[in-house]
Amino acid sequence: MSQLAIEQVLAQIRALSSQATKPQAARPQAPGAATEAGGFAALMKQGVEQVNAAQQRAADVATQFQQGVPGVELPQVMLELQKASVSFRAATEVRNRLVNVYQEIMNMPI
Numbered sequence: 013m014s015q016l017a018i019e020q021v022l023a024q025i026r027a028l029s030s031q032a033t034k035p036q037a038a039r040p041q042a043p044g045a046a047t048e049a050g051g052f053a054a055l056m057k058q059g060v061e062q063v064n065a066a067q068q069r070a071a072d073v074a075t076q077f078q079q080g081v082p083g084v085e086l087p088q089v090m091l092e093l094q095k096a097s098v099s100f101r102a103a104t105e106v107r108n109r110l111v112n113v114y115q116e117i118m119n120m121p122i
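Position in the sequence shown (from 1) plus 12 gives the number in the numbering used here.
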């Protein structure tokens, strides 16, 4: 997951958190407002798909290296594995922050 995607997710989390602290009457309740323009779920799905693609790409390059495919070198394999690892850790961090925000919202007094 790229740094830009992480920043977008964090910005949406902050926006949702600030909206949660506003009184109910101040927020307009439009049906389907969360799903317009792709929405948060689409952004999360795209992020998970990017992490999955990075992991598959790393596994493919590693398999090619193990099979002795010409042109696939060890530094390339290590780079792809590190990219996949970093993207997975970033996605995990975003998930952890989402869980924390959810828990904070659930613990807010009504």
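A virtual CB, placed ideally from N, CA and C, is assigned to each residue, including glycine.
| Asked | Found |
| --- | --- |
| Check A45 in the structure and name its three-state DSSP category. | Low local confidence applies: a pLDDT of 49 at A45 is under 50, so the model's placement there is unreliable, with the coordinate-based value given in what follows. In the structure shown, A45 sits in a helix (DSSP, three-state: H, G or I). |
| Determine the DSSP secondary structure at N64, reduced to helix, strand or coil. | helix |
| Which residue marks the beginning of the alpha helix (DSSP H) containing N108, and which one marks its end? | 86-118 |
| For M90 and I122, what's the separation of their Cα atoms in angstroms? | 51 Å |
| Just verifying my parser: in three-state terms, what is the DSSP assignment at G4? | Past the boundaries of the shown model lies residue 4; the chain is included only from 13 to 122, so the question cannot be answered. |
| When you compare only the Cα positions, how much space is there between Q67 and Q115? | 30 Å |
| DSSP state of I122, grouped into three classes? | coil |
| Measuring alpha carbon to alpha carbon, tell me which residue in A71, A74, V21 is nearest K57. | V21 |
| Would A103 pass as a contact of V60 if the rule is Cβ separation under 8 Å? | yes |
| Our contact map puts F52 next to Q94 with C-beta atoms below 8 Å; I'd like the distance itself, whole angstroms only. | No, F52 and Q94 are not in contact; Cβ-Cβ is about 28 Å, not under 8 Å. |
| Within 10 angstroms of its Cβ, does V81 collect 16 or more other Cβ (buried), or is it exposed? | exposed |
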